[in-house]
Amino acid sequence: MFGTLHHVYMAAAPNIANTAAGKDISSLITSTGTWIAGLGIPAGGLMVAYHAIMRNMSGGDAQTDAHHLSAMKKVLVGTIIVAGAGGIAHFAGGLF
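Going by full-length UniProt numbering, the residue at position 35 of the sequence shown is 35; the numbering climbs one at a time, nothing skipped.
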């Protein structure tokens with residue numbers, strides 16, 4: 001019974017991709033994913049570069065070196081997460 005009703009509903013439901021609102025939503029989601037990845041990846045690179053420079057300028061202090069290495073690892077993980085989120089949003093925009 002559920003399967004039959006589901007097919008009837010899906011046949012009666014309008015295709016959102018062909019509506020103006022659906023096209024706007026798709027464009028918005030795709031653009032959001034592009035902006036997230038486009039700004040997040042270079043920002044992550046700049047943050048890693050900053051911590052690398054500060055580590056090199058620390059004068060060999062072990063505690064400062066460890067802090068900046070830890071910060072670089074955290075930034076790399078965060079950048080990968082941001083790139084993934086941007087890719088998912090970009091992909092989701094294409095599903096409409």
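Glycine included, every Cβ here is placed at the ideal spot set by N, Cα and C.
Residue span of the alpha helix (DSSP H) that contains residue i, given as start and end
i, result
"MET72", "62-93"
"SER58", "Segment: none, SER58 is in no alpha helix (DSSP H) and carries neither H nor E."
From the options, residue whose alpha carbon lies closest to that of residue i
i, options, result
"ALA43", "GLY22, VAL75, LEU95", "VAL75"
"TYR50", "ALA92, ILE88, ALA71, ASN18", "ALA71"
"ILE36", "ALA83, PHE91, GLY60", "ALA83"
Cβ separation of residue i and residue j, assumed to be a contact under 8 Å, to the nearest whole Å
i, j, result
"GLY33", "GLY86", "5 Å"
"HIS68", "THR30", "About 36 Å; that fails the 8 Å criterion."
Outcome for residue i when other beta-carbon atoms lying within 10 angstroms are tallied against a minimum of 16
i, result
"GLN79", "As written in the sequence, residue 79 is Thr, which differs from the Gln given in the question. Flag for THR79 reads buried."
"ALA20", "exposed"
"MET1", "Residue placement at MET1 is flagged as unreliable, the pLDDT there being 47, under the threshold of 50; the coordinate-derived value follows with that caveat. When all chains shown are included, MET1 counts as exposed."
"LEU62", "Reading off the sequence, residue 62 comes out as Ala, not Leu. With fewer than 16 Cβ atoms within 10 Å of its Cβ, ALA62 is classed as exposed."
Euclidean distance between Cα positions of residue i and residue j
i, j, result
"SER26", "GLY40", "21 Å"
"VAL77", "GLY45", "12 Å"
"ALA92", "LEU28", "10 Å"
"THR64", "ARG55", "7 Å"
"GLY59", "ILE53", "11 Å"
"MET47", "LYS73", "11 Å"
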